[in-house]
Amino acid sequence: STAITITPGKMKATLTLADGRKFGITSADEKQVMRLIDSLHTIAGDQRQTTIRYNKLSVPKGGEFFHQLVDGTKIWLNSESELRFPETFHTGERLVYLKGEAYFEVAKDASHPFIVSTQRGDIRVYGTRFNITDYEKQPFSTVLVKGSIGFRLANGREVKLCPSERLEYHEGTDEIKVETVDVSIYTAWVNHYFIFHDQSLEEIMTTLGRWYNFNVIFSSDTLRNIKLSGRLYRYEDVRVLLQSYEQIAGIKFQIKDRNIIITK
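As structure tokens, this is what we get:
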């Protein structure tokens, strides 16, 4: 049997159209997505759409995808993420649904507010560039690069952010924390880099595992909390970073199939 090698992810997604048809999309061919969505209109004919029909882009582990909405909004989707978006935006709000992580550059249109709905709250967009992270088993967070956004909980409570601020929401304690950060750390993935800054090894390996599509096994819990920093080009061999961590932290990484086993 051939050994499985741990390789970087690539541009790929599954597009599920509102009528249930599914298409694997591997290239960054935006036109392909638009053609498929247009084919829906043709099938539906000229019947006036009373209900808004949503399409869905699903990005697997080891994938990323870029999509531009009909209004000109640009969205970069990270690994293990899902975006539900309408074929067209009708009157009123421009509403999309996100699971996982995405970076948004929202097209300005004051009369049609843009809303990103997540499982833990909605982001109302008053201006342009921001990143949202809403993965299971980690706190919800959003970082504002430019413009203005507000995080709104189901109970109506809303917290607005200024550029360079990061909001973190802990569901269990219903606690919202806002701090000023270096936004490049949180948006580096859009420019094909990982930047880690004094983060736990567990957090670092979870992030890397999504992109390089591996599972992590810690031989002891104390290893999870080792704090490390680092920078890695997303298309480089992950071992480049792991080897530097072996030297800095005196730990060992053993690659076995799709698993990386970490020992002291």
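Residue 252, in the numbering used here, is where the sequence shown stops; the numbers in between run on with no holes.
Idealized CB from N, CA, C, for every residue including glycine.
Exercise for the section: Specify, as a first and last residue, the run of the alpha helix (DSSP H) that Q231 falls within. Expected result: Looking at the DSSP string, the run of the alpha helix (DSSP H) that includes Q231 is R227 to A237.
Exercise for the section: Report the residue from V228, S207, M193 and L189 whose alpha carbon sits nearest the alpha carbon of I214. Expected result: L189
Handout entry: Whether L65 touches E52 by CB criterion (9 Å)
Key = yes
Practice task
Say whether the segment 103 to 114 touches the segment 69 to 86, bearing in mind that this needs 3 or more beta-carbon pairs closer than 8 Å, one atom from each stretch.
Solution key: yes
Practice task
May I ask which residues mark the beginning and end of the alpha helix (DSSP H) holding Y174?
Solution key: Element bounds for Y174: V171 to T175.
Problem - Residues of its chain near V58, where Cβ-Cβ distance is below 8 Å and the 5 sequence neighbours each way are ignored - result: Answer for V58: E75, T76 and F77, listed in chain order.
Exercise for the section: Can you tell me the Cβ-Cβ gap for L220 and L229, rounded? I've got them flagged as a contact below 8 Å. Expected result: 4 Å
Exercise for the section: Alpha carbon to alpha carbon, how far is T251 from Q242? Give it in angstroms, no decimals. Expected result: 8 Å
Exercise for the section: Under 6 Å Cβ to Cβ from F184, same chain only, skipping five residues before and after it: list those, please. Expected result: I192, S217 and G218
Problem - Short CB-CB distance (under 9 Å) between G8 and chain C - result: Checking the listed chains, one finds no chain C in this structure; it contains a single protein chain.
Handout entry: Exposure label - E146; buried when at least 16 CB within 10 Å
Key = Residue environment analysis places E146 among the exposed positions, since fewer than 16 neighbouring C-beta atoms fall within 10 angstroms of its C-beta.
Exercise for the section: Have a look at the DSSP bridge pairing and note the partners of F241. Expected result: I250
Practice task
With a threshold of 16 other CB atoms inside 10 Å of the CB of R227, please say whether the residue is buried or exposed.
Solution key: exposed
Exercise for the section: Report yes if the CB atom of S129 is closer than 9 Å to the CB atom of E156, and no otherwise. Expected result: yes
Exercise for the section: Determine the burial state of N253: buried for a count of at least 16 other Cβ atoms within 10 Å of its Cβ, exposed for fewer. Expected result: There is no way to answer for residue 253, as the model of the chain reaches only from -11 to 252.
Practice task
Excluding the 5 residues preceding and the 5 following N247 in the sequence, name in chain order all residues of the same chain whose CB lies nearer than 6 Å to its CB.
Solution key: N203 and I205
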